[in-house]
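Colleague:
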Amino acid sequence: MGTQDQLILCIGQEVIPSAHLLASAGMDQTVCIWSVWSKGNKKVRVFTHHTAAVKDVKWSHNGLSVLSCGYDCSSRLTDVEKGVETQIFKEDQVVGVVKFHPYNFNLFMSGGSRGGLKLWDVRTGKVVHQYKKNLGPILDVEFTVDGKQLISSSDVSGSNISENSIIIWDISREIPLSNQAFLSGLQ
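Per UniProt numbering, the sequence shown starts with residue 1, numbered consecutively.
1. With the cut-off set at 8 Å, would you say VAL98 and SER75 are in Cβ contact?
2. Measuring straight from C-alpha to C-alpha, what distance separates ALA23 and TRP59?
3. Going by C-alpha distance, which of VAL44, SER68 and LYS126 is nearest ALA25?
4. Using a Cβ-Cβ cutoff of less than 6 Å, which residues in the same chain neighbour TYR131 once the five nearest sequence positions on both sides are dropped?
5. Could you tell me if ILE171 is buried or exposed, where buried requires 16 or more neighbouring beta carbons within 10 angstroms of its beta carbon?
6. Does PHE105 pass the burial test, meaning 16 or more other C-beta atoms within 10 Å, or should it be called exposed?
7. Quick check: what's the CA-CA separation for VAL145 versus ILE167?
8. If I measure Cβ to Cβ from ASP79 and keep anything under 7 Å in the same chain, skipping five residues before and after, which residues do I get?
9. With 16 as the cutoff for other CB atoms within 10 Å, does GLU91 come out buried or exposed?
10. On the premise that LYS133 lies in contact with PRO176, defined as a C-beta separation below 8 Å, what is that separation, rounded to the nearest angstrom?
11. Excluding sequence positions up to five away, which residues of its chain have a Cβ less than 8 Å from the Cβ of LYS126?
12. Suppose the cutoff is 6 Å on Cβ atoms and the five residues either side in sequence are ignored; what does the same chain contact list for HIS50 look like?
13. Measuring straight from C-alpha to C-alpha, what distance separates SER178 and SER154?
14. At what residue ranges does the region 35 to 116 contain a whole run of the beta strand (DSSP E), taking only runs of 3 or more?
15. Could you give the first and the last residue of the continuous beta strand (DSSP E) run that contains residue 194?
16. By Cβ distance below 6 Å, which residues in the same chain neighbour ALA19 in space, the five residues on each side in sequence not counted?
17. For the beta strand (DSSP E) that ALA23 lies in, which residues bound it at each end?
18. Starting from LEU139, follow its DSSP beta bridges and name the residues at the other end.
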């Protein structure tokens, strides 16, 4: 495979019509689209819409767009074929993870460095729900199979301990259904 100029933070490939393409997010502020079936696995698109390192990238369900997020405190939706950024979703935190809803393809979840979780609607560009709890940086998010709940993981480090939290959220009521904390002492 070719190279991206700096460290790659995330790669994404989904079972979609454009399954021959792979997306990568990098510290060089780019999202690259790769053709994995072509000789040499070449880069077919490079998007430079972010103004800081890109942390995550996900394909839309129809394979026509990618959703990326990063250190510029934004998530960005880009039309892959046209190479055009179609929407920007600004936040007050570094956005570390994004995930499309499994059934309502107009919704996506973002998680950030200040523990914020937001459910966005791409049709309006607005936050539909916010999930608030005293969390550390969000490490990952995943929807349950039925799409009614969200699982988030976060990390909180103190001077002598590290605490990792997994929370299951009721999406529509914005409340935690379960909260599991895992402590480990630092040596």
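Using N, Cα and C, we set each Cβ at its ideal position, and we do this for glycine too.
Modeller: The short version:
1. For VAL98 and SER75, yes; Cβs fall inside 8 Å.
2. 8 Å
3. SER68
4. LEU117, TRP169 and GLU174
5. A buried status is given to ILE171, since no fewer than 16 other beta-carbon atoms sit within 10 Å of its beta-carbon.
6. By the 10 Å Cβ count, PHE105 comes out exposed.
7. One C-alpha to the other measures close to 16 Å.
8. LEU64, SER65 and THR86
9. buried
10. In this structure PRO176 touches LYS133 by the C-beta definition: roughly 6 Å separates them, less than 8 Å.
11. TRP120
12. Counting only Cβ-Cβ distances below 6 Å, and skipping sequence neighbours, we find GLN29, GLY70 and ASP72.
13. 14 Å
14. 43 to 47, 54 to 59, 65 to 70, 74 to 79, 84 to 90, 95 to 100 and 107 to 112
15. Nothing can be reported for residue 194: it is not among the residues displayed for the chain, which extend from 1 to 187.
16. none
17. 21 to 26
18. Answer by DSSP bridge pairing: none, since LEU139 is not bridged.
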